[in-house]
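Peer 1: What follows is a structure written as structure tokens; I'll ask about it next.
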Ligand SMILES: Nc1ncnc2c1ncn2[C@@H]1O[C@H](COP(=O)(O)OP(=O)(O)OP(=O)(O)O)[C@@H](O)[C@H]1O
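Numbering (UniProt numbering), first residue to last: 1 to 351.
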């Protein structure tokens with residue numbers, strides 16, 4: 001649906017050239033919700049604005065539905081942009097127009113008659129749950145309601161893609177949740193491809209199918225949200241995930257760990273479970289089979305989209321041989337194991 005190839009954007013400002021996007025290539029498929037996450041200044045806004053060419057890339061190609069956006073004339077570009085709606089952090093509504101007037105505005109620009117405009121806008125208000133606010137002005141709306149107007153307006157020209165520029169950053173957590181649920185609903189009902197940028201991992205976790213992590217204008221990691229969450233490769237992705245998944249080794253324990261086995265010491269490891277494996281009594285099975293004690297340091301079970309996902313940080317104590325056999329047993333199960341390190345038994349109170 002959307003293909004970025006070797007995308008580059010250099011800004012020339014007072015302080016010299018800034019490489020905001022540095023050789024980014026990625027593919028977004030039809031019907032998916034694709035999240036782009038990065039810290040402040042990573043290049044997220046520039047990247048999303050390059051997709052509809054609100055920013056013209058310095059180099060690289062932007063293909064949307066097979067059409068090379070960078071090769072279009074201004075007139076062709078205006079036409080192509082109709083297939084890409086956009087919503088913004090600060091909503092960008094027209095304060096002098098009613099809710100209905102705002103939603104119908106793109107249709108007015110397109111020269112569609114008043115009756116036709118209303119015919120198209122009214123069902124969109126229903127879709128976003130604002131039928132009763134049709135005749136009020138933006139100043140009378142809450143932030144969440146304003147964003148609903150923004151969404152309805154973006155859908156007015158029946159786009160194939162919805163670009164969301166930090167669409168929930170100005171909203172409180174509960175309103176954020178309801179707007180994200182609405183985006184998911186629209187994605188399913190209309191089969192709309194959604195691209196969103198955010199600096200918050202919980203947004204990605206809530207609705208995205210795939211994620212791209214960017215830093216310093218570069219793509220550092222991309223993949224299915226489930227894969228990136230359960231097995232992040234880059235330090236940046238690991239940092240973002242820490243904010244929503246608590247499976248960190250406590251600092252007091254981390255200070256005592258060594259990579260190599262310690263004779264007569266305990267093994268600290270992380271187990272990650274997905275799907276059906278979350279229902280398996282892994283720890284009970286471990287204790288039954290081996291002469292080891294298991295101390296659970298931390299643990300949680302969560303859902304990523306509809307798939308259960310859990311992590312357990314555990315410490316095994318026992319004879320060295322029993323610990324190694326238990327480790328081999330765990331590594332053979334349908335779960336992900338990660339040896340965090342070894343700790344001398346007397347050095348640590350637990351176990
Ligand atoms: N018009 C501009 N002129 C010069 N430099 C710019 C311009 N717009 C952005 N930049 C620079 O490009 C880099 C990326 O900016 P961008 O706004 O895309 O990042 P971002 O990830 O969206 O950040 P934030 O989350 O803070 O909005 C930054 O270093 C920024 O200062």
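Each residue gets a CB set at the ideal place from its N, CA and C atoms; glycine is no exception.
Excluding the 5 residues preceding and the 5 following residue 67 in the sequence, name in chain order all residues of the same chain whose CB lies nearer than 7 Å to its CB.
Peer 2: Here the set comprises 80.
Peer 1: Rounded to a whole number of angstroms, what is the C-alpha to C-alpha distance between residue 100 and residue 110?
Peer 2: 16 Å
Peer 1: Would you kindly work out how many angstroms separate the C-alpha atoms of residue 162 and residue 292, rounded to a whole number?
Peer 2: 54 Å
Peer 1: So which residues put a beta carbon under 6 Å from any heavy atom of ligand 1, going in chain order?
Peer 2: 11, 13, 18, 20, 38, 40, 41, 42, 43, 44, 45, 46, 199
Peer 1: Can at least three beta-carbon pairs, one atom from the region 6-14 and one from the region 54-67, be found at a separation below 8 Å?
Peer 2: yes
Peer 1: Taking Cβ to Cβ, would you say residue 103 is nearer than 8 Å to residue 125?
Peer 2: Inclusion of residue 103 and residue 125 in the CB contact set at 8 Å is warranted, their separation being smaller than that value.
Peer 1: Applying the 10 Å Cβ sphere with the 16-neighbour rule, what's the burial state of residue 276?
Peer 2: exposed
Peer 1: Any idea if residue 319 is buried or exposed, counting beta-carbon neighbours within 10 angstroms, 16 or more meaning buried?
Peer 2: exposed
Peer 1: Assuming residue 178 is part of the alpha helix (DSSP H), what are its boundary residues?
Peer 2: 173-190
Peer 1: Rounded to a whole number of angstroms, what is the C-alpha to C-alpha distance between residue 139 and residue 121?
Peer 2: Going by the C-alpha atoms only, they are around 20 Å apart.
Peer 1: Going straight from the alpha carbon of residue 18 to that of residue 45, what length do you get?
Peer 2: 14 Å
Peer 1: Alpha carbon to alpha carbon, how far is residue 152 from residue 305?
Peer 2: 25 Å
Peer 1: Write down the C-beta distance between residue 167 and residue 141 rounded to the nearest angstrom, noting that I regard them as a contact closer than 8 Å.
Peer 2: Between residue 167 and residue 141 the beta-carbon gap is near 15 Å, outside 8 Å, which marks them as no contact.
Peer 1: Within the same chain, show all residues whose beta-carbon is closer than 8 Å to that of residue 84, passing over the 5 residues directly before and after it, in chain order.
Peer 2: Excluding positions up to five away in sequence, the list reads 51, 52, 64, 159, 160, 161, 162, 163.
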